[in-house]
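Chemist:
There are 2 protein chains.
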Amino acid sequence: MNEDSFFPLFSEFQITYRYKVYFTKDIFQKDNPVLKNFFISEIKQGLVKKVMVVFDERLIHYHPNLVSEIKNYFQGLESFIQLTGDIIPIPGGEECKNNQNLWESLVNAVNTHGVDRHSYILAIGGGAVLDLVGYVAAVSHRGIRLVRIPTTVLSQNDSGVGVKNSINFQGKKNFLGTFAPPVAVFNDLQFLESLDDRDWRSGMAEAIKVALIKDKDFFHWIESNASELLNRNLDTMAYLIHRCAKLHMDHIASGDPFEFGSSRPLDFGHWSAHKLEYLTQFSLRHGEAVAIGIALDTVYSYQKQFLSQDDCLRILSLLKTLGFVVYHPMLSDGEKQNLFLGLEEFREHLGGRLTIVLLAEIGKSLEVHEMDFKTIDTSVNFLKTYL
Amino acid sequence: MNEDSFFPLFSEFQITYRYKVYFTKDIFQKDNPVLKNFFISEIKQGLVKKVMVVFDERLIHYHPNLVSEIKNYFQGLESFIQLTGDIIPIPGGEECKNNQNLWESLVNAVNTHGVDRHSYILAIGGGAVLDLVGYVAAVSHRGIRLVRIPTTVLSQNDSGVGVKNSINFQGKKNFLGTFAPPVAVFNDLQFLESLDDRDWRSGMAEAIKVALIKDKDFFHWIESNASELLNRNLDTMAYLIHRCAKLHMDHIASGDPFEFGSSRPLDFGHWSAHKLEYLTQFSLRHGEAVAIGIALDTVYSYQKQFLSQDDCLRILSLLKTLGFVVYHPMLSDGEKQNLFLGLEEFREHLGGRLTIVLLAEIGKSLEVHEMDFKTIDTSVNFLKTYL
Ligand SMILES: NC(=O)c1ccc[n+]([C@@H]2O[C@H](COP(=O)([O-])OP(=O)(O)OC[C@H]3O[C@@H](n4cnc5c(N)ncnc54)[C@H](O)[C@@H]3O)[C@@H](O)[C@H]2O)c1
Ligand SMILES: NC(=O)c1ccc[n+]([C@@H]2O[C@H](COP(=O)([O-])OP(=O)(O)OC[C@H]3O[C@@H](n4cnc5c(N)ncnc54)[C@H](O)[C@@H]3O)[C@@H](O)[C@H]2O)c1
Ligand SMILES: [Zn+2]
Ligand SMILES: [Zn+2]
Numbered sequence: 038m039n040e041d042s043f044f045p046l047f048s049e050f051q052i053t054y055r056y057k058v059y060f061t062k063d064i065f066q067k068d069n070p071v072l073k074n075f076f077i078s079e080i081k082q083g084l085v086k087k088v089m090v091v092f093d094e095r096l097i098h099y100h101p102n103l104v105s106e107i108k109n110y111f112q113g114l115e116s117f118i119q120l121t122g123d124i125i126p127i128p129g130g131e132e133c134k135n136n137q138n139l140w141e142s143l144v145n146a147v148n149t150h151g152v153d154r155h156s157y158i159l160a161i162g163g164g165a166v167l168d169l170v171g172y173v174a175a176v177s178h179r180g181i182r183l184v185r186i187p188t189t190v191l192s193q194n195d196s197g198v199g200v201k202n203s204i205n206f207q208g209k210k211n212f213l214g215t216f217a218p219p220v221a222v223f224n225d226l227q228f229l230e231s232l233d234d235r236d237w238r239s240g241m242a243e244a245i246k247v248a249l250i251k252d253k254d255f256f257h258w259i260e261s262n263a264s265e266l267l268n269r270n271l272d273t274m275a276y277l278i279h280r281c282a283k284l285h286m287d288h289i290a291s292g293d294p295f296e297f298g299s300s301r302p303l304d305f306g307h308w309s310a311h312k313l314e315y316l317t318q319f320s321l322r323h324g325e326a327v328a329i330g331i332a333l334d335t336v337y338s339y340q341k342q343f344l345s346q347d348d349c350l351r352i353l354s355l356l357k358t359l360g361f362v363v364y365h366p367m368l369s370d371g372e373k374q375n376l377f378l379g380l381e382e383f384r385e386h387l388g389g390r391l392t393i394v395l396l397a398e399i400g401k402s403l404e405v406h407e408m409d410f411k412t413i414d415t416s417v418n419f420l421k422t423y424l
Numbered sequence: 038m039n040e041d042s043f044f045p046l047f048s049e050f051q052i053t054y055r056y057k058v059y060f061t062k063d064i065f066q067k068d069n070p071v072l073k074n075f076f077i078s079e080i081k082q083g084l085v086k087k088v089m090v091v092f093d094e095r096l097i098h099y100h101p102n103l104v105s106e107i108k109n110y111f112q113g114l115e116s117f118i119q120l121t122g123d124i125i126p127i128p129g130g131e132e133c134k135n136n137q138n139l140w141e142s143l144v145n146a147v148n149t150h151g152v153d154r155h156s157y158i159l160a161i162g163g164g165a166v167l168d169l170v171g172y173v174a175a176v177s178h179r180g181i182r183l184v185r186i187p188t189t190v191l192s193q194n195d196s197g198v199g200v201k202n203s204i205n206f207q208g209k210k211n212f213l214g215t216f217a218p219p220v221a222v223f224n225d226l227q228f229l230e231s232l233d234d235r236d237w238r239s240g241m242a243e244a245i246k247v248a249l250i251k252d253k254d255f256f257h258w259i260e261s262n263a264s265e266l267l268n269r270n271l272d273t274m275a276y277l278i279h280r281c282a283k284l285h286m287d288h289i290a291s292g293d294p295f296e297f298g299s300s301r302p303l304d305f306g307h308w309s310a311h312k313l314e315y316l317t318q319f320s321l322r323h324g325e326a327v328a329i330g331i332a333l334d335t336v337y338s339y340q341k342q343f344l345s346q347d348d349c350l351r352i353l354s355l356l357k358t359l360g361f362v363v364y365h366p367m368l369s370d371g372e373k374q375n376l377f378l379g380l381e382e383f384r385e386h387l388g389g390r391l392t393i394v395l396l397a398e399i400g401k402s403l404e405v406h407e408m409d410f411k412t413i414d415t416s417v418n419f420l421k422t423y424l
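As you go down the protein sequences, you meet chains W and Z in turn.
Quick note: to get my numbering, add 37 to the position in the first sequence (first position is 1).
Quick note: to get my numbering, add 37 to the position in the second sequence (first position is 1).
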C-alpha cells in the first residue's frame with residue numbers, strides 16, 4: 038500500500054472577468070463606430086468571428102427598419118465579423134422566460150448556425166429577453182460570448198449591466214440560470230423613446246432602491262429631478278441610468294459577484310416584489326413590484342424604529358411623485374400566507390440563513406435575519422391607507 | 038446634455054475557487070470520518086444544511102446495501118446535515134446524458150425538496166452521471182454546491198476532479214454545460230472493484246494521455262507497472278489515479294480553467310475520439326475511443342517527423358499491452374468524411390482557430406493549427422495493420 042496515494046489534493050484558482058458598458062445613441066447608424074470598434078478590438082489572429090443576433094420583436098413596432106439597419110451596419114465588416122443568417126425575433130416581456138420551447142429553439146439556432154465559443158450572441162431587448170438569451174449563451178458550448186443591448190430603463194441601469202441570467206421553471210421565477218458576465222454592454226438611449234410610460238417609470242424603482250441603500254446624494258438628485266423624469270426628459274434619464282448602472286456595477290465588482298454568501302444588498306425591496314409579480318401573473322412590471330416592495334420595507338424599517346419617520350415619508354412621497362403605486366391588494370390577501378410564502382421562497386432561492394436588507398437612513402442599509410409578521414401586517418395596513 | 042452620462046463604465050473582478058479531492062476507501066462505513074468531517078468543516082452559523090443524493094443505479098448490483106449504508110451514515114449527523122428524503126437512483130452510462138427527461142426530473146427534485154444554494158447535491162457514479170448531475174446543480178438556483186463521489190477509473194482520475202459538466206443535445210456530445218467547480222470530491226477506491234474490465238481499462242487511457250503530454254516519468258511508471266494494472270491490482274491503480282488526478286488538477290488550476298482561449302492541451306487524442314464515440318453510438322467507451330485517438334495522433338506525430346519512431350512504437354506497444362485496441366473500422370469509413378467532420382466539430386466546440394495537440398517526445402507536446410488529411414490517411418492505414 039502506497040500511502041502517497043491517499044494524500045488529499047488541493048485545487049485553487051482565480052478567474053478574472055472584465056467588461057465595459059458603453060453609452061450611446063442610435064447604435065446601428067452607419068456612422069456610429071462604437072459597436073464596430075468593439076468588434077475590431079476583439080480581432081485575434083485575423084480570424085473571422087460570427088455573431089448571432091436575437092431581438093425583442095416588440096421593438097419592430099417602433100423601429101420598423103431595425104432589421105435592415107442591423108444588416109446594413111454589419112455590411113462591410115465581414116472581414117472580421119459576420120451575421121449568422123437571419124436576425125432572430127423573439128417575443129419580449131416575462132412570457133419569454135416561461136417558454137421552454139423558445140429556449141430550446143434558440144439553443145437549436147446556436148447549433149444549426151455553428152455558433153462556437155469564440156462567436157458572439159448579440160441580444161437586443163428588455164431585461165426578460167436579455168435574461169433568456171443570456172442563459173442560452175451561458176450553457177451552449179459551456180459559454181458563448183454575450184453582447185447585450187438593453188432597451189428598457191430597467192435593463193440599462195440594472196439587469197443588463199450585471200452578471201446574471203435566468204429563465205423561469207415550474208412557476209418559479211429565475212429558477213434556472215447562471216452567473217455569466219457579458220463581454221460588453223451597449224446602452225442606447227434612443228431605444229427608450231418608445232417605451233410606454235409604465236416601462237419608463239418602472240426602471241426608476243431600481244435607481245431609487247440603490248440610492249436608498251448606497252447613495253444619499255443620488256436620492257436627492259432624483260427628488261430634485263422628479264418632474265423632468267416624469268416628463269420623459271431623455272437627458273435627465275441618461276444621467277439617472279448612468280449613475281444607477283455605476284452603483285450596481287461597483288457593488289457587484291467589489292462584493293460577492295457570484296453570490297457565494299447569502300447576503301444580497303441589492304435585493305432591497307425584492308422579497309415581496311418577486312412574490313407580487315407571480316401573484317399578479319406578471320401584470321405588475323418588475324419595477325412596479327419593486328416600488329411596492331421598497332415601500333413595504335421602508336415602512337417596516339420605520340415601524341421597527343430603524344428609520345426615522347421623516348425619511349420614511351420622504352421615500353413614500355418620492356415614489357408617489359414619480360407615479361408609483363405603493364400598495365397592492367395581494368399584500369393583504371390569503372391571510373398573510375402570500376407574504377409568508379414569499380419570504381420562504383426568497384430565503385430558499387438565496388439559500389442559507391434568511392437575510393433581509395432594511396433601511397437605517399436614506400443612503401444607508403442594515404441587515405436583519407428575521408421578519409416579524411405583526412409588523413409586516415401593520416406596514417401593509419399603513420400602505421393601504423397611504424394616499 | 039450631460040457629457041458624463043456617456044462615459045463608458047468598466048467592470049473587473051476575480052472569482053476564487055477552491056476544492057479538495059480526498060482519497061479513501063469505504064466512504065459510507067460508519068467509522069470512516071472523511072465525508073462527515075467535510076460537512077462539519079462547512080458548518081456556518083449553526084445552520085442545518087440539506088443534501089440531495091443521486092447515484093448511478095448500476096452500483097446497486099454490486100453494492101446491494103448502498104442505499105441503507107448511505108442512510109445509516111447520515112444518521113446522527115442531522116444537527117448539521119440532512120438527507121432530503123429518498124436517495125435518487127438514475128441510470129448510468131452515456132445514455133443518461135442524452136435523456137432530457139431525466140435532466141428535467143432532477144431539476145424537479147431540486148425544486149420539490151427545496152434544495153437551496155447552500156444545500157448540497159451529492160453525486161455518486163461514473164463520469165456520465167457526474168456530468169449530468171453537475172449540470173443540474175450548476176443551473177438550479179444559479180448553482181448548488183456539488184460534491185462528487187466518482188466510481189470509475191476515468192471519473193476518479195480525470196472527469197470527476199475537474200471543473201466541467203455537460204449533457205448531450207441534438208446528437209451533439211457535451212453541447213450544453215457549464216464550468217462549475219465542485220466543493221469537494223471523494224475518490225473511493227473500493228468502488229473500482231466492481232468495474233468490468235472494459236471500464237477498469239478505459240480510464241487508464243487518460244493517464245497515458247496526460248503522461249504523454251506532461252510527465253515522462255509517469256509514462257515509464259505505467260510501462261513498468263503494466264502487468265499489475267492488467268491484473269487489477271488495486272494499490273497500483275490507486276497510485277495511477279492519484280498521479281493522473283494531480284496532473285489534471287495542476288493543469289487546470291495553472292492554465293485557463295474555464296477555457297477562454299482556444300487551446301486545450303488535455304484534449305490530446307480527443308478530436309477523433311469524440312467522433313468515434315458518436316459513430317459507434319457509444320458502444321466504444323470514452324477511454325477506449327481516447328486510446329484510439331492517442332494512437333492516431335501519435336502515429337501522425339511520427340509521420341510528420343515531430344516524434345521519433347522509437348517513441349511512437351513504444352506508445353503503441355504500451356496501449357496494446359494494457360489491452361487497448363488502437364484501430365476502429367469507422368476511421369476508414371465514409372471516404373474520410375468521418376474524420377473530416379470530427380475535426381470541424383472539434384474546432385467548433387472549442388471555438389476560434391483549430392488547435393490540435395501532438396507529441397514532440399514522450400512527456401512533451403506541441404500544437405498545430407492544421408491537420409493534413411493525406412497524413413491522417415497514412416496514419417489510419419498504419420494502425421489498421423498494426424498488430
Ligand atoms: N439578470 C438580472 O440581474 C436581473 C435584474 C433585475 C431584473 N431582471 C429581470 O428583468 C426582467 C424585467 O426587465 P424589463 O423591466 O426590461 O421588462 P421586459 O423585458 O419584460 O420589457 C417590458 C416590455 O417592454 C417591451 N420593450 C422592450 N424594449 C422596448 C422599447 N425600447 N420600446 C418599447 N417597448 C420595449 C418588451 O417587449 C416588454 O413588453 C424581469 O424578468 C426580471 O426578472 C433581471
Ligand atoms: N467533465 C469532464 O471534464 C469530462 C472529462 C472526460 C470525460 N467526461 C465524460 O465522462 C463520461 C464517461 O465516464 P466513465 O468512463 O466514468 O463512464 P460512465 O459514467 O459511462 O460509466 C461506465 C459504466 O460503468 C458503470 N459504473 C459506474 N461505476 C461503477 C462501479 N463502481 N462498478 C461497476 N459499474 C460501474 C456505469 O453505470 C456505466 O454503465 C463521458 O460522458 C465523458 O464525456 C467528462
Ligand atoms: Zn430588481
Ligand atoms: Zn477524456
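All C-beta atoms in this analysis are idealised placements derived from N, C-alpha and C, irrespective of residue type, glycine included.
This one's a predicted model, so the numbers in the text were calculated from it and none came from an experiment.
Okay, do the stretch 133–153 of chain Z and the stretch 45–55 of chain Z touch, 3+ Cβ pairs below 8 Å being the bar?
Modeler: no
Chemist: Identify the contact partners of Gly-130/Z in chain W, using a Cβ-Cβ distance below 8 Å as the criterion.
Modeler: For the purposes of this step, residue 130/Z is taken as residue 93 along the second sequence, with counting starting at 1. None at all; the shortest Cβ gap to chain W is about 22 Å.
Chemist: Does the beta carbon of Ser-42/W come closer than 7 Å to any beta carbon on chain Z?
Modeler: By one-based count along the first sequence, residue 42/W stands at place 5. At least one chain Z Cβ lies under 7 Å of Ser-42/W.
Chemist: Is any non-hydrogen atom of ligand 4 found closer than 6 Å to the C-beta of Val-166/Z, if you look at the structure I gave you?
Modeler: Your numbering for residue 166/Z matches position 129 in the second sequence. No, Cβ of Val-166/Z sits at least 6 Å from all heavy atoms of ligand 4.
Chemist: Sorted by chain position, which residues of the same chain lie with C-beta nearer than 6 Å to Ser-338/W's C-beta, five sequence neighbours on each side aside?
Modeler: In the first sequence, counting from the first residue as 1, residue 338/W sits at position 301. Correct list, in chain order: Leu-344, Leu-395, Leu-396.
Chemist: Does the distance from the C-beta atom of Asn-202/W to that of Tyr-172/W stay below 7 Å?
Modeler: Locating residue 202/W in the first sequence gives position 165, where the first residue counts as 1. Locating residue 172/W in the first sequence gives position 135, where the first residue counts as 1. The answer is yes: Cβ separation under 7 Å.
Chemist: Are any of the Cβ atoms in chain C nearer than 7 Å to that of Lys-210/W?
Modeler: No chain C appears in the structure shown, which is made up of the protein chains W and Z.
Chemist: Please report whether the beta-carbon of Arg-185/W lies at a distance below 7 Å from any beta-carbon of chain Z.
Modeler: Locating residue 185/W in the first sequence gives position 148, counting from the first residue. No, its Cβ sits nowhere closer than 7 Å to a Cβ of chain Z.
Chemist: Where Ile-107/Z and Leu-159/Z are concerned, what is the direct C-alpha to C-alpha distance, given to the nearest angstrom?
Modeler: The count along the second sequence starts at 1 and reaches residue 107/Z at position 70. The count along the second sequence starts at 1 and reaches residue 159/Z at position 122. Distance between the alpha carbons of Ile-107/Z and Leu-159/Z is about 11 Å.
Chemist: Are the CB atoms of Leu-355/Z and Ala-328/Z nearer to each other than 7 Å?
Modeler: Numbered from its first residue, the second sequence carries residue 355/Z at position 318. Numbered from its first residue, the second sequence carries residue 328/Z at position 291. At a Cβ-Cβ threshold of 7 Å, Leu-355/Z and Ala-328/Z do not count as neighbours.
Chemist: Closest to Lys-283/W by CA distance: which of Glu-265/W, Val-247/W, Tyr-315/W is it?
Modeler: As a position in the first sequence, residue 283/W is number 246, starting the count at 1. Checking every option, the nearest Cα to that of Lys-283/W belongs to Val-247/W.
Chemist: Is the separation between the beta-carbon of Gln-342/Z and that of Ser-416/Z shorter than 7 Å?
Modeler: Here the question's residue 342/Z lines up with position 305 in the second sequence. Here the question's residue 416/Z lines up with position 379 in the second sequence. Not a contact, by the Cβ cut-off of 7 Å.
Chemist: Below 7 Å between beta carbons: does that hold for Ser-231/W and Tyr-59/W?
Modeler: Position 194 of the first sequence, counting from 1, holds the residue named residue 231/W. Position 22 of the first sequence, counting from 1, holds the residue named residue 59/W. Result no, Cβ atoms of Ser-231/W and Tyr-59/W do not sit closer than 7 Å.
Chemist: Looking only at its chain, what residues have a beta carbon closer than 7 Å to the beta carbon of Phe-319/Z, apart from the 5 residues adjacent to it on each side?
Modeler: Walking along the second sequence from the start, residue 319/Z turns up at place 282. Hits under 7 Å: Glu-131.
Chemist: Have a look at Phe-297/Z and Thr-335/W and give me their C-alpha separation to the nearest angstrom.
Modeler: In the second sequence, the residue the question calls residue 297/Z occupies position 260. In the first sequence, the residue the question calls residue 335/W occupies position 298. Each residue's Cα considered, the two are about 44 Å apart.
Chemist: With DSSP collapsed to three states, give me the class of Leu-395/W.
Modeler: Looking up residue 395/W in the first sequence gives position 358. Leu-395/W falls in the strand class under three-state DSSP.
Chemist: Hey, quick one: how far does the alpha helix (DSSP H) through Ser-416/Z stretch, first residue to last?
Modeler: As a working note, residue 416/Z is residue 379 in the second sequence. 410–422 is the extent of the alpha helix (DSSP H) around Ser-416/Z.
Chemist: Return helix, strand or coil for Asp-225/W, following the three-state DSSP convention.
Modeler: Here residue 225/W corresponds to residue number 188 of the first sequence, with the count starting at 1. Residue state, collapsed to three classes: strand.
Chemist: In this structure, how does DSSP classify Glu-404/W when only helix, strand and coil are distinguished?
Modeler: Locating residue 404/W in the first sequence gives position 367, counting from the first residue. In this structure, Glu-404/W counts as strand in the three-state DSSP scheme.
Chemist: Can you list the residues of chain W that Ile-289/Z reaches, using a CB-CB cut of under 9 Å?
Modeler: As a first step, residue 289/Z is located in the second sequence; it is residue number 252 there, counting from the start. Contacts between Ile-289/Z and chain W, judged by CB atoms closer than 9 Å, involve Ser-48, Phe-50 in chain order.
Chemist: Cβ-heavy atom distance between Leu-169/W and ligand 1 below 6 Å?
Modeler: For the purposes of this step, residue 169/W is taken as residue 132 along the first sequence, with counting starting at 1. The closest heavy atom of ligand 1 lies 6 Å or more from the beta carbon of Leu-169/W.
Chemist: Quick check on DSSP: helix, strand or coil for Gln-193/Z?
Modeler: Position 156 of the second sequence, counting from 1, holds the residue named residue 193/Z. It is helical.
Chemist: Say the cut is 6 Å; is the CB of Val-427/Z nearer than that to a heavy atom of ligand 4?
Modeler: In the structure as shown, chain Z begins at 38 and stops at 424. Residue 427/Z is therefore absent and cannot be evaluated.
Chemist: Could you check the C-alpha separation between Glu-404/W and Gly-292/W for me, to the nearest Å?
Modeler: For this step, residue 404/W is matched to residue 367 along the first sequence. For this step, residue 292/W is matched to residue 255 along the first sequence. So the alpha carbons of these two residues sit roughly 15 Å apart.
Chemist: Distance cutoff 7 Å, beta carbons only. Does Asp-293/W sit that close to anything in chain Z?
Modeler: Mapped onto the first sequence, residue 293/W falls at position 256. False, the Cβ-Cβ gap to chain Z never drops below 7 Å.
Chemist: Can you grab the Cα-Cα spacing for the pair Glu-206/Z / Ile-245/Z, in whole Å?
Modeler: Position 169 of the second sequence holds residue 206/Z. Position 208 of the second sequence holds residue 245/Z. Note on residue identity: the sequence assigns Phe, not Glu, to residue 206/Z. Cα to Cα, Phe-206/Z sits roughly 29 Å from Ile-245/Z.
Chemist: How would you call Asp-225/W, buried or exposed, if buried means at least 16 neighbouring beta carbons within 10 angstroms?
Modeler: As a first step, residue 225/W is located in the first sequence; it is residue number 188 there, counting from the start. Under this definition Asp-225/W is a buried residue.
Chemist: Using a Cβ cut-off of 7 Å, pull out every chain W residue sitting near Gln-82/Z, in sequence order please.
Modeler: Walking along the second sequence from the start, residue 82/Z turns up at place 45. Neighbours of Gln-82/Z on chain W, chain order: Arg-390.
Chemist: Which chain W residues are close to Gly-330/Z, counting only those with a beta carbon under 8 Å from its beta carbon?
Modeler: Reading the second sequence from its first residue, position 293 is the one you call residue 330/Z. Those within 8 Å of Gly-330/Z in chain W number zero; the least Cβ separation is about 20 Å.
Chemist: Three-state secondary structure (DSSP) at Leu-376/W?
Modeler: Taking the first sequence and counting its residues from 1, the one referred to as residue 376/W is at position 339. Note: Leu-376/W maps to helix in three-state DSSP.
Chemist: When you compare only the Cα positions, how much space is there between Gly-164/Z and Tyr-56/Z?
Modeler: Counting from 1 along the second sequence, the entry for residue 164/Z is found at position 127. Counting from 1 along the second sequence, the entry for residue 56/Z is found at position 19. Taking the straight line joining both Cα atoms gives about 18 Å.
Chemist: Out of curiosity, what's the CA-to-CA distance linking Met-38/W and Asp-272/Z?
Modeler: In the first sequence, residue 38/W corresponds to position 1, counting from 1. In the second sequence, residue 272/Z corresponds to position 235, counting from 1. Low confidence applies here, because Met-38/W scores a pLDDT of 47, under 50, leaving its location unreliable; read the following figure in that light. Going by the C-alpha atoms only, they are around 6 Å apart.
Chemist: Who pairs with Glu-49/W in a beta bridge, going by DSSP?
Modeler: Here the question's residue 49/W lines up with position 12 in the first sequence. DSSP, once it has assigned bridges, lists Arg-55/Z as partnering Glu-49/W.
Chemist: Quick one: give me the first and last residue of the alpha helix (DSSP H) that Phe-256/W is part of.
Modeler: Numbered from its first residue, the first sequence carries residue 256/W at position 219. Element bounds for Phe-256/W: 253–261.
Chemist: Count the other C-beta atoms from every protein chain shown that fall within 10 angstroms of the C-beta of Ser-142/Z, then say buried if there are 16 or more, exposed otherwise.
Modeler: For this step, residue 142/Z is matched to residue 105 along the second sequence. Looking at its Cβ environment, which holds fewer than 16 other Cβ atoms inside 10 Å, Ser-142/Z is exposed.
Chemist: Note down, one range per segment and in chain order, each alpha helix (DSSP H) of at least 4 residues found wholly within the stretch 98–140 of chain Z.
Modeler: 103–111, 132–135
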